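Asks: Residue numbers (the working numbering), protein chains in the order written: chain A, 35 to 266; chain B, 1126 to 1305. The beta-carbon is built from N, C-alpha and C at its ideal position, and this holds for glycine as well. Note that the coordinates shown come from a computational prediction; the quantities given were computed from them, not determined experimentally.
#1: Using CA coordinates, which residue listed in A/52, A/240, A/247 and A/261 is at the minimum distance from residue 80 of chain A?
#2: Given a cut-off of 9 Å on the beta-carbon distance, is the pair residue 1137 of chain B and residue 1214 of chain B in contact?
#3: Per the DSSP calculation, residue 242 of chain A is bridged to which residue(s)?
#4: Report the rounded CA-to-CA distance for residue 195 of chain A versus residue 173 of chain A, giving the unit in angstroms.
#5: With the cut-off set at 9 Å, would you say residue 236 of chain A and residue 160 of chain A are in Cβ contact?
#6: Could you say if the segment 1139–1151 of chain B and the segment 184–195 of chain A meet the contact criterion of at least three C-beta pairs nearer than 8 Å?
#7: Per DSSP, which one or two residues make a beta bridge with residue 223 of chain A?
#8: Any chance the segment 82–98 of chain A sits against the segment 1178–1198 of chain B, with 3 or more Cβ pairs inside 8 Å?
#9: My output table needs one value for residue 192 of chain A: the three-state DSSP class, helix, strand or coil.
#10: Skipping 5 residues on each side, what residues in its chain have a beta carbon closer than 7 Å to that of residue 177 of chain A?
#11: By the three-class DSSP mapping on this structure, what secondary structure does residue 1143 of chain B have?
#12: If the cut is a Cβ gap below 8 Å, which residues of chain B does residue 90 of chain A touch?
#13: Using only CA atoms, which one of A/244, A/261 and A/265 lies nearest to residue 255 of chain A?
#14: Which same chain residues, not among the five before or five after residue 48 of chain A, have their C-beta less than 7 Å away from its C-beta?
#15: If the cut-off is 9 Å on Cβ atoms, which residues from the segment 78–103 of chain A count as contacting chain B, listed in chain order?
#16: Counting only beta-carbon atoms, is residue 54 of chain A nearer than 9 Å to chain B?
#17: Where does residue 216 of chain A fall in DSSP's three states?
#18: State the start and end residues of the unbroken alpha helix (DSSP H) segment that holds residue 72 of chain A.
#19: Can you look up residue 1298 of chain B in the DSSP assignment and give me helix, strand or coil?
#20: Provide the residue(s) that pair with residue 261 of chain A in DSSP beta bridges, ordered along the chain.
#21: Out of curiosity, what's the CA-to-CA distance linking residue 1146 of chain B and residue 230 of chain A?
#22: Less than 6 Å between C-beta atoms, sequence neighbours within five positions excluded: which residues of the same chain meet that for residue 198 of chain A?
#23: Let me confirm a value: residue 250 of chain A is counted as buried when at least 16 other C-beta atoms fall within 10 Å, else exposed. Which label applies?
#24: Take residue 1159 of chain B and list the residues in its own chain whose beta-carbon comes closer than 7 Å to its own, dropping the five residues that flank it on each side.
#25: Considering only C-alpha positions, which residue in the set A/72, A/76, A/62 and A/257 is nearest to residue 167 of chain A?
#26: Are any of the Cβ atoms in chain B nearer than 9 Å to that of residue 65 of chain A?
#27: Report the rounded CA-to-CA distance for residue 1286 of chain B versus residue 85 of chain A, giving the unit in angstroms.
#28: Applying a beta-carbon distance threshold of less than 9 Å, which residues of chain A neighbour residue 1173 of chain B?
#29: For residue 59 of chain A, go through chain B and note every residue whose CB falls closer than 8 Å to its CB, in chain order.
#30: If you drop the 5 nearest sequence neighbours on each side, which residues of the same chain put their C-beta closer than 7 Å to that of residue 200 of chain A?
#31: According to DSSP, is residue 250 of chain A part of a helix, a strand, or is it coil?
#32: What is the rounded straight-line gap between the Cα of residue 69 of chain A and the Cα of residue 103 of chain A?
#33: Taking the straight line between their C-alpha atoms, what separation do you get for residue 99 of chain A and residue 1156 of chain B?
#34: Quick one, are the C-beta atoms of residue 1248 of chain B and residue 1303 of chain B less than 9 Å apart?
#35: Near residue 1190 of chain B, what residues of its chain come up, given a Cβ to Cβ distance below 7 Å and the 5 sequence neighbours on each side ignored?
#36: DSSP three-state call for residue 96 of chain A: helix, strand or coil?
Pasting the structure below:
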């Protein structure tokens, strides 16, 4: 078997080509040919992927820079994502950390209100601040017209290997799971049959659960934060 | 940049066309991806062009990552890098622009950055340290600044085939080191 027939050598050459493509040193027709190969040959594409993963840490020292708001708007427009709130900056963790809880509530009301889906015929929006003695976790919650609640983690964090699960506890009733919340903002849908329970005095709670949420359908872990919905 | 696990989760939701997840993904990762494009293209306007194309691809291909798995941040960074390099290669480079390459920031980590990297024990940095200095520098410059073989050969003042051999051997050494 000659050197050029040796399959192991060919594989090696192909892997080196994958490395060169991932590194970015190819140009012109050589680069085009390699890109074409990646598009048609799954094994080669996998080799390129593996090299991208290997080389990725080399970019650790590249400095982060904010792109312009125009760039963001252009992407939103191009993908037709038009009616997503123009600024989700209010959902970033960096904003909420360092704010006193009272300010959090005011900010949620001031910023979130114009973004909420509101229907004048429906009850006014409700807000809640969720906290608990001895717990470092705090959430701000806003109930929107249409039966959804937006939860924003205002303080604390989700521990590795755990999740935060949100519950609605109607007056005199059992907790009903709304879903998993955590870093940033989450919009959860309240089941149809409970939407009448979304009113002044309804209790929201956050429990500590395993990844994937409570396996039983009822809270299994500690109550990290709780509070009552109030109309503004 | 948000961590790879969070990026992966947002990509899964993006694959299901969750627009809130996609905008959260953009907000959490665009400063890094823009930094990557800016470093390669050295021009804000072109970098934003590359960034736009990158996020359109991320939106379109999120399902592909979901199926394949791997490091989500590496996946999106590679999309951004490839877009930037495409734009870079497509632009006609004048001789003057090529000379500017000498004025580019040192791709090697600063002492502070090195300390951070060392403390995180990145295997690639240990493996890069096993390469001869000039080969390691060439690999880093290629990755961070997007230099082609031709540009690297000029920059290091060696024949093109020499640079190809240098880098190929360096890449093979890196692969062997990382697989240990």
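Replies: The structure says:
#1: A/52
#2: no
#3: A/198
#4: 20 Å
#5: yes
#6: no
#7: A/182
#8: yes
#9: coil
#10: 159, 160, 183, 232 and 263
#11: coil
#12: 1196, 1198, 1199, 1202 and 1203
#13: A/244
#14: 78 and 81
#15: 80, 82, 83, 84, 85, 86, 87, 88, 89, 90, 91, 92, 93, 94, 95, 96, 97, 98, 99, 100, 101 and 102
#16: yes
#17: coil
#18: 62–74
#19: helix
#20: A/238
#21: 28 Å
#22: 192, 215, 216 and 240
#23: exposed
#24: 1172 and 1176
#25: A/257
#26: yes
#27: 22 Å
#28: 101, 102, 104, 105 and 108
#29: 1267, 1272, 1273, 1274, 1277 and 1292
#30: 185, 212, 213, 215, 222, 238 and 240
#31: coil
#32: 32 Å
#33: 5 Å
#34: yes
#35: 1136, 1197 and 1200
#36: coil
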